[in-house]
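See structure below.
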Amino acid sequence: MSWYRRWMFSAVSLALVTSLLPLGGGSASAAEEPPPPAVFNPGFEEADGLSGWTRSFGVGIAENTAVASTAEKYEGARSLLLDDRSAVHPLGMESTPFAVTPAAGYSVSAMMKVETGSMALYIRFFDANGTKIGEAANWLTPTDGAWAKNAVSAVVPDKAVTGTVLLYSSGAGVTRGYADAVGIEPNRTGTFERIGGIVKGMINEDSAIGSENGKPVLYSVFKGRGETPTVFAVIDALSREVLGTYPMPGVEAAWGVKVATDGQVYIGTHYNGGLYRYNPGTKQFDYLGQFGSETHVFSMVAGPNGKIFAGTYPGGRLYEYDPAAGAIQDLGRPDPEEKYLRSLAYDAERNVLYAGAGGTKSRIYKIGPDGSKKGLLSTLIPGGGDSYAWPYGMDFEEDRLFVKFSNGDLLVVRPDDTIDYYDPAGMDIHSGQVAAIPGQPGRVLFTLGANFYAYDSASRSSELVAKVEGGVNFQDGRFVDLQSPEWPGQTFVGLGSYGNVMYYNQDTGRTAVQPVQYEGAPILIQSIHQGTEGKIYAAGYMSGFTSYDPATGAVSETNPLGQIESSAIRNGKLLLGAYAGGRVLEYDPNQPFSAQNPRQLFDLRAYDQDRPFAMVYDEEHDRLFVGTVPNTTSLQGALAMYDFATGRLEVFRNLALNQSVISLAYKDGLVYVGTTVYGGLGTSGPTETNAKLVVFDPATKRKVFETIPVSGRKGVTGLTIAPDGSLWGVAEDMIFKFDTASRKVVSKIAKLRRYSASGTTWTWGFLRFAPDGNLYGTSRGQFFMVKPETLEFVMLNGSYGNYLNIDASGHLYFSDNDTTLWKYTPPGMEPADEAPPVTTASLQPSEPNGENGWHTVPVTVQLEATDDRSGVTETVYSLDQGASWQRYTSPLAFTQDGVYAVQYRSSDQAGHTEDARTLAFRLDRTPPVITVASPVSGVHPDSEELDVQVEATDEQAGVDAGLLRITLDGQPVQPGEKLSLYLLPLGTHTLHVTAVDLAGNRRESTATFETRATQESLLALLARFGQSGQVSQPGILNSLVKKAEHADWAALVHEVEALSGKQVAADAASILLRDARALLTP
19 MSWYRRWMFS AVSLALVTSL LPLGGGSASA AEEPPPPAVF NPGFEEADGL SGWTRSFGVG
79 IAENTAVAST AEKYEGARSL LLDDRSAVHP LGMESTPFAV TPAAGYSVSA MMKVETGSMA
139 LYIRFFDANG TKIGEAANWL TPTDGAWAKN AVSAVVPDKA VTGTVLLYSS GAGVTRGYAD
199 AVGIEPNRTG TFERIGGIVK GMINEDSAIG SENGKPVLYS VFKGRGETPT VFAVIDALSR
259 EVLGTYPMPG VEAAWGVKVA TDGQVYIGTH YNGGLYRYNP GTKQFDYLGQ FGSETHVFSM
319 VAGPNGKIFA GTYPGGRLYE YDPAAGAIQD LGRPDPEEKY LRSLAYDAER NVLYAGAGGT
379 KSRIYKIGPD GSKKGLLSTL IPGGGDSYAW PYGMDFEEDR LFVKFSNGDL LVVRPDDTID
439 YYDPAGMDIH SGQVAAIPGQ PGRVLFTLGA NFYAYDSASR SSELVAKVEG GVNFQDGRFV
499 DLQSPEWPGQ TFVGLGSYGN VMYYNQDTGR TAVQPVQYEG APILIQSIHQ GTEGKIYAAG
559 YMSGFTSYDP ATGAVSETNP LGQIESSAIR NGKLLLGAYA GGRVLEYDPN QPFSAQNPRQ
619 LFDLRAYDQD RPFAMVYDEE HDRLFVGTVP NTTSLQGALA MYDFATGRLE VFRNLALNQS
679 VISLAYKDGL VYVGTTVYGG LGTSGPTETN AKLVVFDPAT KRKVFETIPV SGRKGVTGLT
739 IAPDGSLWGV AEDMIFKFDT ASRKVVSKIA KLRRYSASGT TWTWGFLRFA PDGNLYGTSR
799 GQFFMVKPET LEFVMLNGSY GNYLNIDASG HLYFSDNDTT LWKYTPPGME PADEAPPVTT
859 ASLQPSEPNG ENGWHTVPVT VQLEATDDRS GVTETVYSLD QGASWQRYTS PLAFTQDGVY
919 AVQYRSSDQA GHTEDARTLA FRLDRTPPVI TVASPVSGVH PDSEELDVQV EATDEQAGVD
979 AGLLRITLDG QPVQPGEKLS LYLLPLGTHT LHVTAVDLAG NRRESTATFE TRATQESLLA
1039 LLARFGQSGQ VSQPGILNSL VKKAEHADWA ALVHEVEALS GKQVAADAAS ILLRDARALL
1099 TP
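The sequence shown lines up with residues 19 to 1100 when you count with the working numbering.
Dropping the structure here:
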């Protein structure tokens, strides 16, 4: 079982998404909460009437007037009259700014009597520069001569300093109305907790098998999410070890993975409609381009001479890639109507390509080497393929074309276009491909129900070969030699969904199913469900079902269920609606997940239904109701009713013509049905323009009422029963309330977004009533609250919010539109906050990069505070041992050398402050300073003697004496060493010094000088050599001195040459000759 650390949303956490509104806590006592701001002159009773209010809109417009009027008043003697007679200019009166508290929640209200048009009540927020950074508003239409309360709620943005109240009429029309009794009250918000990406797993849509280095390998693409990228993976077929991965940025997943005849591996992807190639020899991975403007590659097959064919969506086009030409060629659209080219197969012997198109109807085309095209199904099977959404998979093996239709029906066709096998009531096929069985001509292996079967073309029949415990249906595979004694001879290896590898040994009959050794990635949350024992379940897109226990924080392992869309609870078990085929499952959470748990109760394939988005259970009569979206062939959804006592299933498809059923609620023996105009993806689009609310009576099995809650809206979603028995729902941007007694929509507010003009939208809004009496909801990126009595709308999060459910304790759960599950605790439900926040500090780089614990590059300190109750109010830090503290708002950058001790602490909304913590580090970016006092640069007579005087200093870490290096012309010398320059060659010399400090910073320095022979230096050397006895006789020394004094260098050279090694030592003679010759030839 996995455990995830939980952390609370706070205004100072750097993990916040910047578009997310800051959210305050809710468990601090009322005395600890700052009081709400007050509006000056809220009833317009001051002597001059409008004191404290400014006309900020409609200034100078003569038709517009705003006055304190005695004609109407809610209380006191006066009210504000807004008389906007201009159809183009707005009119607005705005209060004097008042101070606001970031993250606080406010409810602003005003009593209004609107005679014509519509009046708005705004609360607006401004930063320290006076720039407006947020606002919220609510509009009121004519009130039929009565005073009505208009109210709006908002959460103060993080950087807001002041706020105002605005009473407003837009420039879009004329308005006349009164406002009075303006007030502001605290409006507490709850706490947000990030549970995390709890649904994890491997999602792979297609695979292939090949060979590398003489061993069989599997190829597939594993879907990524968040920080885990989608990758192409090479997998050892025996050990299942991932030998290599290749990131595919911008790729969602891949329905096409195929090995060409030359061994190259090709991958066709979505949503970018791309083609990629992997070379097993060089391990090079390349992007080859996009298939025109197509977004999905749904099928691929190897052709002749290393070519690859691909089928796409939404254009239903056929493409060819020829490696010789290095180009993608568009071969056209085999079928003029169907959008999906879902499957391909190739007969290499006859050079014939088979293309399977579908979406609404199945079509198979036989394309000859000359480009000729022949439709097959019209002459082969009844209906010509019209009853199948598409030919889901095709393969050509053992001289037969094998076709898997969308419902699993098997069709086998001979090369002469006659049927080898077809029986809709007979054998099905569930694997994506078939595999030829070695040594058994005419027989192929496939899976049905995750067990192995063999089809025999001689007998035109199938038989069970081996049952597989925990089996899957393979995508592609073949018999190979695994080179293992555990798997002797030929073993079938095939990769199935969720990264599971299937094995079947032909000699021993042994079978196995084992997962690829790959961690996978977080999976996009597809739906959220209330479970038993207080648990919450999150379901993943395509696969994955994970529980979260709010009591312990425990997260279960992810079970590889299919895509779960809806749920209900019956007798301690979960009833689950799964895509595809409109399957309804029963899952016992008290039993281990297995092939038998969950078990299927029924499916709706026979009724052309596919996606069970809605489900509600009638406990009184022990009946289940399921609402569905049809398959790709239809616009007509359905309502299914299942009786547990009798096992009887009834399906009603006539509730709303050409509409799907996507939301259900049950009350007092009636089912309330929300519809959408959208049907299956393969259709040409909606034919209806208005979604409906339908009331269905299970007793009479008839529709008893129908209405359009909001005209022009394409979906009615989020149906839920309120505590008072009313029905609430969402119609695109509108939240509406439906009186179940009068069967009328009694109120509605437009606060949400409309559907996109393009694409298909099924689920949208989700609504739940919480114990605090408020209505909470999500709608594709928004999390909000509505006060049912006043219709006040609070946008709790304008960036995150998808799906929604509530646990037994009243906590709400939603997703971040991606993989992360969030928990919201409404105000008043939070446990008492008895502990201070916890602040953690981190360094970047996290570890010293220098020696001896020193940093040698700039250091960034990041502070992150969490508080599991009331929420963090601020984090502060000190750099002077607590003498002064500064508010932490962003990471701290340290660039100057020094020894630092950063103290930090945080406070929460309950008034707790943690004890200060300290983060210490040492920074030395400066290398040592090198000073060369001697030798100095310049010209030196070679008779001189010099001391080596070098000093290295470092103010921070100090010099590492053991690493000080000094060389002269590449030879090591020591500090203080005396240099007799005559021992050096005449010319330029270099002293090189290297110093390293204890932090590891290194500096190098050089000093250059020149040694030169002069008359004086030569005379000095003669004196030196005479004194040392290297010129042995005084007479000879005098003779040489006289020649040097007269600069008779030629004579001196001649005499020294004659005496070298005799009366003049050889080494002294060599130096004298060198200098004299240098003077002889300047």
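For each residue, glycine too, the CB sits at the ideal point set by N, CA and C. No experiment lies behind these values; they were computed from the predicted model shown.
Rounded to whole angstroms, what's the CA-CA distance from Ser113 to Lys805? Just pull it up for me. 25 Å
Ser1119, buried or exposed, once every other Cβ within 10 Å from all chains shown has been counted against 16: Residue 1119 is absent from the model: the chain starts at 19 and stops at 1100.
Please confirm whether Gly956 has its beta-carbon closer than 8 Å to some beta-carbon of chain C. Judged by its chain identifiers, the structure shown contains no chain C, having just a single protein chain.
What's the gap between the Cα of Phe1027 and the Cα of Pro993? 17 Å
For the candidate residues Phe75, Pro120 and Val486, whose alpha-carbon lies nearest to that of His107? Phe75
Use the C-beta contact count for Ser171: other C-beta atoms within 10 angstroms, 16 or more gives buried, fewer gives exposed. buried
Below 8 Å on the Cβ atoms is my guess for Phe939 versus His1007; work out the distance and round it to an integer in Å. At roughly 43 Å, the Cβ-Cβ gap does not stay under 8 Å, so Phe939 and His1007 are not in contact.
Could you tell me if Gly214 is buried or exposed, where buried requires 16 or more neighbouring beta carbons within 10 angstroms of its beta carbon? buried
Among Asn469, Asp978 and Thr159, the one whose alpha carbon lies nearest that of Glu136: Correcting the residue identity first, residue 136 is Ser in this sequence and not Glu. Taking only the C-alpha atoms, the option nearest Ser136 is Thr159.
What residues match up with Gln302 in a beta bridge as DSSP calls it? Asn297
Exposure of Glu415, with buried meaning 16 or more beta-carbon neighbours within 10 Å: buried
Whose C-alpha, out of Gly244, Pro442, Val1071 and Ala272, is nearest the C-alpha of Ala251? Ala272
Which listed residue (Arg418, Tyr906, Gln618 and Gly244) has its alpha carbon closest to that of Glu1180: Within the shown structure, residues of the chain are numbered from 19 to 1100, placing residue 1180 beyond reach of any answer.
Sequence ranges, beta strand (DSSP E) only - wholly within the stretch 486-557, length at least 3: 492-498, 509-514, 518-523, 529-533 and 543-548
State the Cα-Cα distance for the pair Asn1183 and Asp661, rounded to the nearest angstrom. Nothing about residue 1183 can be read from this structure; the chain reaches only from 19 to 1100.
Burial state of Pro1052, where buried means 16 or more other Cβ atoms lie within 10 Å: exposed
Output the distance between the C-alpha atoms of Ile79 and Ala826, rounded to the nearest integer angstrom. 57 Å
Do Val531 and Asn518 have their C-beta atoms closer together than 8 Å? yes
Val490 and Gly467 closer than 8 Å at C-beta: no
Residue environment, Thr694, which counts as buried when at least 16 other CB atoms sit within 10 Å: buried
Output the boundary residues of the alpha helix (DSSP H) element that contains Ala1069. Trp1067 to Leu1077
What are the complete beta strand (DSSP E) segments, minimum 3 residues, inside the stretch 61-139? 71-75, 82-87, 97-102, 109-113 and 123-134
On the criterion of 16 or more Cβ atoms from any shown chain inside 10 Å, does Ser225 qualify as buried, or is it exposed? buried
State yes or no: is the C-beta of Pro409 within less than 8 Å of the C-beta of Phe420? no
DSSP-derived helix/strand/coil call for Lys325: coil
Whose CA, out of Arg623, Glu807, Phe631 and Gln618, lies closest to the CA of Ile582? Phe631
Please say whether Leu822 and Phe832 have beta carbons closer to each other than 8 Å? yes
Does DSSP classify Phe801 as helix, strand or coil? strand
With DSSP as the reference, label Thr9 as helix, strand or coil. Since the first residue shown for the chain is 19 and the last is 1100, residue 9 is missing from the structure and cannot be characterised.
Entirely enclosed beta strand (DSSP E) segments - the stretch 800-846, minimum 3 residues: 801-805, 810-815, 820-824, 830-833 and 839-843
When the distance is taken between beta carbons, is Ala1083 closer than 8 Å to Gln1045? no
Can you give me the C-alpha to C-alpha distance between Trp165 and Ser760, rounded to a whole angstrom? 25 Å
Look up Phe1027 in the DSSP assignment and say whether it is helix, strand or coil. strand
If you run the structure through DSSP and keep just helix, strand and coil, what is Gly402? helix
3 or more residues per run - each beta strand (DSSP E) lying fully within the stretch 883-912: 890-896 and 910-912
Where Glu1034 and Pro1003 are concerned, what is the direct C-alpha to C-alpha distance, given to the nearest angstrom? 18 Å
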